[in-house]
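Trainee:
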Amino acid sequence: MAEQSIELVENHGASLEVSSDGYAYSTVEAEFSNIPETGVAIEAQIILFKEDTIVSASDPADCEVTSESPTFWLSDTFFSGTGQVPDSYCVCFRVFKPEDPVSISAPVPPEISRQSGSFLIHEPKKGFLSKEKWNTGSITIESVIVKNAAGDDDEVFINLFSKKPLDSGFRVQAESSGNADETIFRLVDKPHLTSDYLRIHLQEDLNVTVTGYTASGWSMSDKKPFLDIQNIEAVEPEVDDEGVAEEVVDSEPESAAPTKTKKQKTKKSEISNEGVNTSSGSWFETKVTSESYLTEQFRMAITQFENDGPDEDGDVGVDFTIEIENESSKEISLVKWDLIVDHNGTSIDGNVNNSEECLLDKGDTFEASSYLRLSKAYVDPSKPQLELKGYAKFYEREFLKLGEIEIPEALHEVVSTSSKVKTDFFNDEITISLVRLPDSDESNVKEQEVYLKSSISNKSDFYIEDIEFKCVFIDRTGSEGDETFDYNHALAPNSGAFFQTSFYSMPKSKLKGAKVEFFLKAYRLVGTKIFTDVKTLSL
Amino acid sequence: MKLVKKRFDWDHGWRGQNDLEYGIDLTVTNDTDATIELVKSSCLLMSDSGFSIGGSSGSYHDEDIYMDPGDVSEFQVVTDNVMLSALSGEADSVTAEISATFFSKEFVNLGEMSVPNDVATSALFENRVDIANSDFSVQGAVVYIEPSDDADRSLLATVGVRNSGTEMLQKVIAQLTLFDRDGQQIQQGEVEEFIAPERSTILSPSVYTKAGRLRGASVKLNATFFKAVKTSGITLKNPEKRK
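First to last, the protein sequences are chains A and B.
According to numbering that gives the first Met the number 0, the residues represented by the first sequence are 0 to 538, in order.
According to numbering that gives the first Met the number 0, the residues represented by the second sequence are 0 to 242, in order.
#1: Determine the contact status of B:Val38 and B:Glu62, defining contact as a CB-CB distance below 8 Å.
#2: Do A:Gln44 and A:Ala29 have their C-beta atoms within less than 8 Å of each other?
#3: Just grab the DSSP bridge partners of A:Pro506 for me.
#4: For A:Thr302 and B:Glu145, I'd like the C-alpha separation in whole angstroms.
#5: For A:Ile473, collect the residues of the same chain with a Cβ closer than 8 Å to its Cβ; drop the 5 residues on either side in sequence, then sort them by chain order.
#6: Please determine, among A:Val94, A:Cys91, A:Ser32 and A:Thr535, the residue with the shortest C-alpha to C-alpha distance to A:Glu67.
#7: Less than 8 Å between the CB atoms is what I'm expecting for A:Ala214 and A:Phe297, so what's the real figure, rounded?
#8: To which residues of the same chain is A:Pro437 closer than 7 Å at the C-beta, ignoring the five residues directly before and after it?
#9: In whole angstroms, what is the alpha-carbon distance linking B:Gly53 and B:Thr100?
#10: Would you check if the distance between the CB atom of B:Gln187 and the CB atom of B:Val160 is smaller than 8 Å?
#11: Would the stretch 345 to 361 of chain A and the stretch 406 to 423 of chain A be scored as touching if the rule is three or more Cβ pairs under 8 Å?
#12: With respect to the beta strand (DSSP E) encompassing A:Leu358, which residues constitute its N-terminal and C-terminal limits?
#13: Compare the C-beta of A:Asp438 with all C-beta atoms of chain B and state if any pair is closer than 8 Å.
#14: Alpha carbon to alpha carbon, how far is B:Val107 from A:Ala491?
#15: Check whether chain B comes within 8 Å of A:Glu80, counting only Cβ atoms and requiring the distance to be less than that.
#16: Let me check one thing: in DSSP terms, what residues is B:Ile233 bridge-paired to?
#17: Quick check: the Cα distance between A:Gly136 and A:Val171, rounded to an integer number of angstroms?
#18: Please give the ranges of any beta strand (DSSP E) in the stretch 18 to 59 of chain A, keeping only runs that are unbroken, at least 3 residues long and fully inside the region.
#19: The beta strand (DSSP E) with A:His200 in it runs from where to where?
#20: Three or more C-beta pairs under 8 Å: does that hold for the stretch 150 to 168 of chain A against the stretch 181 to 197 of chain A?
#21: Is the CB of B:Asp181 under 8 Å away from at least one CB in chain A?
#22: Less than 7 Å separating the Cβ of A:Ser87 from some heavy atom of the ligand SAM?
#23: Name the chain A residues whose beta carbon is nearer than 8 Å to that of B:Tyr65?
#24: How would you list, in chain order, the residues of chain B whose beta-carbon sits under 7 Å from the beta-carbon of A:Cys357?
#25: I'd like to know if A:Gly477 contacts chain B, where contact means its C-beta is closer than 8 Å to some C-beta of that chain.
#26: With distances taken Cα to Cα, identify the nearest neighbour of A:Pro123 among A:Pro106, A:Glu428 and A:Ser142.
#27: Rounded to the nearest angstrom, what separates A:Ile321 and A:Glu386 at their Cα positions?
#28: If you measure beta-carbon to beta-carbon, which residues of the stretch 210 to 235 of chain B are closer than 9 Å to chain A?
#29: Given a threshold of 16 other Cβ atoms within 10 Å of its Cβ, counted over all protein chains shown, does A:Val378 qualify as buried or as exposed?
#30: Is DSSP giving A:Val275 helix, strand or coil here?
#31: Strictly by DSSP, which residues pair up with B:Ser217?
#32: Measure how close the beta-carbons of B:Met0 and B:Thr34 come, nearest whole angstrom, since I'm counting them as under 8 Å.
#33: Considering Cα atoms alone, identify which of A:Ser442, A:Thr65, A:Leu510 and A:Ile138 is closest to A:Asp99.
#34: Report the three-state DSSP secondary structure of B:Ser248 (helix, strand or coil).
#35: What first and last residue would you give for the beta strand (DSSP E) that runs through A:Val90?
#36: Taking the straight line between their C-alpha atoms, what separation do you get for B:Ala156 and B:Pro204?
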């Protein structure tokens, strides 16, 4: 395997600066060998040690390397104080190997250059039985967009889908009659992605080439000591004062690095404080809850996006379908979702508070369709891109049959039943009481009321939502009659709830030989998914 | 089944001074041996010249009541508003001719079966049920999945009902209930029909859900027949102005 032969051979320029206010700033120039002719992309981070203890790890950064340019600069900054100054480092990296590129020919009609601007969407051709595939590695190109904004250069970008988000990357090249532009390598960090815009002057038909990259596993270099350690003076923090800002601009280049250090220090400090608050401020065992919530095991995508209009009022109607796949091992019985539409950096519409019961085993998909009407006032036709943000919550369910009670013949006689239930949510025994009372209208002697009461306690360490206590009236022939229920929106961990409901205006004779059946239903959040996509209106 | 006037009054309707609405409430005593669970009423409003100026529109008005033998109950007779221009006399000159038919109920549980696996199979309810003391019967039923191109599924039932007698079957309801694999009721659909003497028909209640929820699900079918027990009539005169 090619990626196995790519090695970190040398770490040049490894240096560490320790400022007087306790911040450590490290840089490493990593050099790789055995790079193939096609070049590769590298994602890497530096790990800083004090003796054998890791004291900091930088955020991963990515870069393309070739045999002519095999090095990659990495850096990290953190508050080391006086006791956590690193003495050694190593480089943790993985290689993104290019796959066979896909070349897409995109015809460009003369209309693209009209004065008012124009927009072209190229999608794979659909045949009678199949659809053209624009694949490279794990990446599928869904569309190529060509845009001509009046007065600007032509722009080209692609929308893509990756089967392996976080383990794939891509770069795009576009060429039209000798004019060309290309993007740098970009990691695919979510299933659906829009590429950076390429600026290109279109003269004849356009050719777009997309190269997908597939990641190897992570490797870690040997640990090496810092040989170049310097102590530097801390600089005063940058102040948002106009006069001071001018001084910073005019200052010597040497001051740039410490200034940057100071900014990063502030950020690090904030993060550090958040961490302290999270752990010390918790008043129940949040770790149990957070471990229960999945965040990445649900695939969510917009599978249909079509718009009509603008209508007479200039409003644009949008039909869309959301597809969600349960990739977790949980059985999902309820999906709640919201879709927010952003345009030009602000939210302009949304379809929220949607809730649908379902049954999704692992691998099952869920589809939801909806419609939005975007007001003319909010849609800028020269920038028809909409950023769609989806938020989905996934729930597992407990459904318990709690037995039945025959309605007593006598008034004011309280009867009850206790059900032993096997449940992860509630107490193991749930008791329900029933009493038959005169009608609230004392003059109405022909009708009576039946009151039902119960309570539950949430014995778990998580919130339980949408709890429904349902009672079904069954007459003496076995025919289901009325239903009544009580509802609790959310029940906190280790807390309880009381339910009460009633059947009223029941003819006395109808209660003869009748019974009431009881059911309890509740949901627990097991996963969430946040999803973004950019779609373009056809105007 | 003696009908007794409890209320017969009038007031101006939603058209202001141009129309009248008549309110009619009756009480009834169940002097039969059957339990009465439904009443259908009809009414003609007659002018003082003896012709119809209004009444109940549509085929019938029905109301759920519950009366064991000997019980007394009350029900409302619904009428359409009458245009003032149709009246030759005063508002209180109108006469209401009312008839009411009382029904007992027979509930038939046709059973519960697993939902078919796909569109190629059906759940067959092969039981035939004759309704006691009548010529009405259920001749079996089928539940199937309607073919669909998307993730939504409709389950349809066809319940065959026969009326082999000479009496009109004035109301029959077929009800299809869908339960998920844990026994939670997902949805319920029902349809009602009337069947002329010596005729048959199918009733087709349906339910609708996501395909995934059908895994391990079951359906329950039942039918409710209403058999006419007795018809009574009453004529009301001299309505009062509503207070």
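The beta-carbon is built from N, C-alpha and C at its ideal position, and this holds for glycine as well.
The structure displayed is predicted, hence computed values, not measured ones.
Mentor: So, from the listed chains and residues:
#1: yes
#2: no
#3: A:Glu446
#4: 24 Å
#5: Glu403, Glu479, Gly480, Ala513, Lys514, Val515 and Glu516
#6: A:Ser32
#7: Their Cβ separation, rounded to whole angstroms, is 22 Å, which puts A:Ala214 and A:Phe297 out of contact at 8 Å.
#8: Leu410 and Gln447
#9: 20 Å
#10: no
#11: no
#12: Thr345 to Leu359
#13: no
#14: 44 Å
#15: Going by the sequence as given, residue 80 of chain A is Gly instead of Glu. For A:Gly80, the answer is no, since every Cβ of chain B falls outside 8 Å of its Cβ.
#16: B:Ile97
#17: 14 Å
#18: 22 to 32, 39 to 49 and 52 to 56
#19: From DSSP, A:His200 is part of no beta strand (DSSP E); its letter is neither H nor E.
#20: yes
#21: yes
#22: Only the bare structure without any ligand can be found here, which leaves the ligand SAM out of the picture.
#23: Pro506, Ser508 and Lys509
#24: Lys209, Gly211 and Arg212
#25: yes
#26: A:Ser142
#27: 14 Å
#28: Ala210, Gly211, Arg212, Leu213, Arg214, Gly215, Ala216, Asn221 and Thr223
#29: buried
#30: Any reading at A:Val275 must be qualified, since the residue scores a pLDDT of 32, below 50, and its modelled position is unreliable; no value is offered.
#31: B:Ser113 and B:Phe178
#32: Rounded, the Cβ-Cβ distance is 13 Å, inconsistent with contact.
#33: A:Ile138
#34: Examination of residue 248 of chain B is not possible in this model, given that chain B is present from 0 through 242 alone.
#35: Ser87 to Pro97
#36: 6 Å
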